[in-house]
Amino acid sequence: MFDYKLLSALAAVVEQAGFERAAQVLGLSQSAISQRIKLLEARVGQPVLVRATPPAPTEIGRRLLNHVQQVRLLERDLQSLVPALDEEGLPERLRIALNADSLATWWALAVGDFCAEHQLLLDLVVEDQTVGLKRMRAGEVAACVCASERPVAGARSVLLGAMRYRALASPAFIARHFPDGVRADQLARTPALVFGPDDFLQHRYLASVGVEGGFEHHLCPSSEGFIRLAEAGLGWGLVPELQVREQLERGVLVELLADKPIDVPLYWHHWRNGGQLLGLLTERLIAAASSTLQAVSEKRLA
């Protein structure tokens, strides 16, 4: 039988990115957390953590984290049937990875009422939509929103829809860099805005208009800051249409090449044995996404 006090210590160290914060969350000393990790490693016969900054789970550590994530959710189902089992009466906490643009647009309205109804607290991990699935693979989250269709072992994915992006810039930026009109072949030689090193959306857009290779760019790891930089004329960038409808109407931002959007599919990944809570949340997200995201078929994504 697993000792879940030891597994909770492992989960806390990974989720809190260190022993000190894990100790604070669990109300223990840092030494006690360290001893629990050592005892867990002694029982499984191999390391469960790579002692780095932040600590990272080993392969067996990831398997144990996946297990404890699912156990937490299944325990919640039992507590709803037998309330006396929930001695502390604390709200459930769900750790989810999602992309910054979803967080800045449709996510809050989709989950706000659900969290209130189910006394749910969210622990959100922001990742680029192309790499969010690595958090599930590492056992750090119970679910994620990302652009990858294929789920990790033990999980399932559901297509929510697509986020539509448009290549935008300020009128002043366009006048300065494209006085004779925007041409696709000039884009690589004008400053772009990129969310981070894992963001290849601009590469994909440039390839779609026949431009290959590198390009000049700023890095801006903030969804809101990204738009502010575009409005200030620092560069052009791929921006979610949902986020800038007002700016487009007022002419504060202008599309570089007329009506050439790019759609990024968004999938909801969650553990198969995630219990009733994840199932209900999945239904709520599907309903919310149908009215906010672009409709997209699996055939169109192929």
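Under the UniProt record's numbering, the first residue of the sequence shown is numbered 1, with each subsequent residue one higher. Glycine included, each C-beta is placed from N, C-alpha and C at the ideal position.
Count the other C-beta atoms from every protein chain shown that fall within 10 angstroms of the C-beta of residue i, then say buried if there are 16 or more, exposed otherwise.
i	result
V111	buried
H218	exposed
S8	buried
L40	buried
S148	buried
A183	Inspection of the sequence shows that residue 183 is occupied by Arg rather than by Ala. By the neighbour-count rule (16 or more Cβ atoms within 10 Å), R183 is not buried but exposed.
G225	exposed
L109	exposed
Under 6 Å Cβ to Cβ from residue i, same chain only, skipping five residues before and after it: list those, please.
i	result
A302	Residue confidence is low: A302 scores 37 on pLDDT, short of 50, so the model does not pin down where it sits. Its coordinate-derived value is still stated next. Around A302: no qualifying Cβ.
T190	H177
A12	A22, V25, L26
Q30	F19, E20, A23
L98	V145
P261	R164, R166
Tell me, please, whether the CB atom of residue i is closer than 7 Å to any CB atom in chain D?
i	result
G61	No chain D appears in the structure shown, which is made up of a single protein chain.
Which residues in the same chain have their Cβ closer than 7 Å to the Cβ of residue i, if we skip the five residues on either side of it in sequence?
i	result
G213	A188
P57	V14, V48, L49, L65, A138, G139
E246	none
P54	A17, G18
Among the options, which has the Cα closest to the Cα of residue i?
i	options	result
L234	L26, A175, I286	A175
R105	R250, I227, G274	According to the sequence displayed, residue 105 carries Thr and not Arg. Selected option, being the one with the closest Cα: I227.
A155	V254, C220, G274	G274
F2	V126, V68, G251	V68
L242	R72, Q46, D101	D101
Going along the chain, which residues of its own chain have a beta-carbon closer than 8 Å to the beta-carbon of residue i, five neighbours each way excluded?
i	result
L6	R36, I37, L39, L40, R43
D123	E15, R93, L94, R95, I96
Three CB pairs or more closer than 8 Å across the region 143 to 160 and the region 196 to 209: With the cut-off at 8 Å, the region 143 to 160 and the region 196 to 209 do not touch.
Entirely enclosed beta strand (DSSP E) segments - the region 68 to 156, minimum 3 residues: Along the region 68 to 156, the beta strand (DSSP E) occurs as fully enclosed runs of 3 or more residues at 92 to 98, 120 to 126, 143 to 146, listed in sequence order.
The region 273 to 291 contacting the region 113 to 130, beta-carbon criterion three pairs below 8 Å: Because the criterion of three Cβ pairs below 8 Å is met, the region 273 to 291 and the region 113 to 130 touch.
Every unbroken beta strand (DSSP E) within the region 192 to 232, with a cutoff of 3 residues, ordered by chain: Within the region 192 to 232, complete beta strand (DSSP E) segments of at least 3 residues are found at 192 to 194, 217 to 219, given in chain order.
Every unbroken alpha helix (DSSP H) within the region 9 to 69, with a cutoff of 4 residues, ordered by chain: Under the rule that a run must span 4 or more residues, the alpha helix (DSSP H) segments found entirely inside the region 9 to 69 read 19 to 26, 30 to 44.
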